[in-house]
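Participant: Structure provided below as structure tokens; questions to follow.
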Ligand SMILES: [Zn+2]
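Right, here's the structure in full:
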């Protein structure tokens, strides 16, 4: 990976996530983005060109904490993140998992992943005029175009066994955190919860998917 490609991919990593990505923890009002979302972004942008490594793991039982340092590589470049998690009633393994996960996010933070999404929720830096651009930052999302005369693939819908078209496959790929290896559905059988996740690309969808999306959104409103 050369420096140009590195700049290109790090810019794509920072792009805004789809609506609904930011979650709030019940116990504390802090907004966050689930770890899986970050991993999914890295995978989509970089495929195999990233990895992570635990550089340090300190389990300090007397003082009841676990400290982790995680290194994330993008090509030959890397950043370290660190985090400490207290050992609770849920045990050491649980604290270890939380420390590793927070250290991973801390490393990604240096590449500004999710900043645009988290800025509106953050009182400290989110309101800082120097970072105000994050609030109206428009990502250059590549809006996919789907052809209505799409060719059939040899993948089948896991529900009705109908052959899927290339469009179907490309549309499934637009759903965040969707396991396309296991969950292949045709337009009719794709569960509503997934259909709703297609909202960000609504305008690009073929008619049959648009119809499903409108119905799915409508159903949710009525609930
Ligand atoms: Zn089907």
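Numbering (this note's numbering), first residue to last: 1 to 223.
Yeah, the Cβ is synthetic: ideal placement off N, Cα and C, and Gly gets one too.
Remember, it's a predicted structure, so these values are computed and weren't measured experimentally.
For a minimum of 3 consecutive residues, which ranges assigned as the beta strand (DSSP E) are wholly contained in the segment 161 to 200?
Facilitator: Counting whole runs of 3 or more residues, the segment 161 to 200 contains the beta strand (DSSP E) stretches 163 to 165.
Participant: Assign residue 21 to one of three DSSP states: helix, strand, or coil.
Facilitator: Coil.
Participant: Evaluate contact between the segment 108 to 123 and the segment 83 to 99, counting only Cβ atoms and requiring at least three cross-stretch pairs below 8 Å.
Facilitator: Verdict: no, contact absent.
Participant: Using a threshold of 7 Å, is the CB atom of residue 212 nearer than that to any non-hydrogen atom of ligand 1?
Facilitator: No, ligand 1 has no heavy atom inside 7 Å of this Cβ.
Participant: Given the structure, does residue 185 come close to ligand 1, in the sense that its CB is under 7 Å from one of the ligand's heavy atoms?
Facilitator: Yes, the Cβ of residue 185 comes within 7 Å of a heavy atom of ligand 1.
Participant: For the segment 192 to 200 and the segment 210 to 218, state whether three or more C-beta atom pairs, one from each stretch, are separated by less than 8 Å.
Facilitator: Taking 8 Å as the limit for Cβ pairs, the verdict is that the segment 210 to 218 does touch the segment 192 to 200.
Participant: Do residue 15 and residue 59 have their C-beta atoms within less than 8 Å of each other?
Facilitator: Not in contact: residue 15 and residue 59 (Cβ atoms no closer than 8 Å).
Participant: Secondary structure at residue 292, three-state DSSP: helix, strand or coil?
Facilitator: Because the chain is modelled from 1 through 223, residue 292 falls outside the range shown and cannot be assessed.
Participant: Looking only at its own chain, which residues have a Cβ that is under 6 Å from the Cβ of residue 57, when we skip the five neighbours before and after it?
Facilitator: Closer than 6 Å at the Cβ level, and outside the excluded window around residue 57, lie 68.
Participant: Compute the distance between the beta-carbons of residue 55 and residue 30, then report whether it is under 8 Å.
Facilitator: Contact flag unset, no.
Participant: Let me know if residue 91 comes out buried or exposed under the rule of 16 or more other beta-carbons within 10 Å of its beta-carbon.
Facilitator: Residue 91 comes out exposed.
Participant: Apart from the five residues on each side of it in sequence, which residues of its chain come closer than 7 Å, Cβ to Cβ, to residue 164?
Facilitator: Counting only Cβ-Cβ distances below 7 Å, and skipping sequence neighbours, we find 153, 155, 156, 157, 184 and 186.
Participant: With a cut-off of 8 Å on the beta carbons, I'd call residue 48 and residue 1 a contact; round off their distance for me.
Facilitator: At roughly 11 Å, the Cβ-Cβ gap does not stay under 8 Å, so residue 48 and residue 1 are not in contact.
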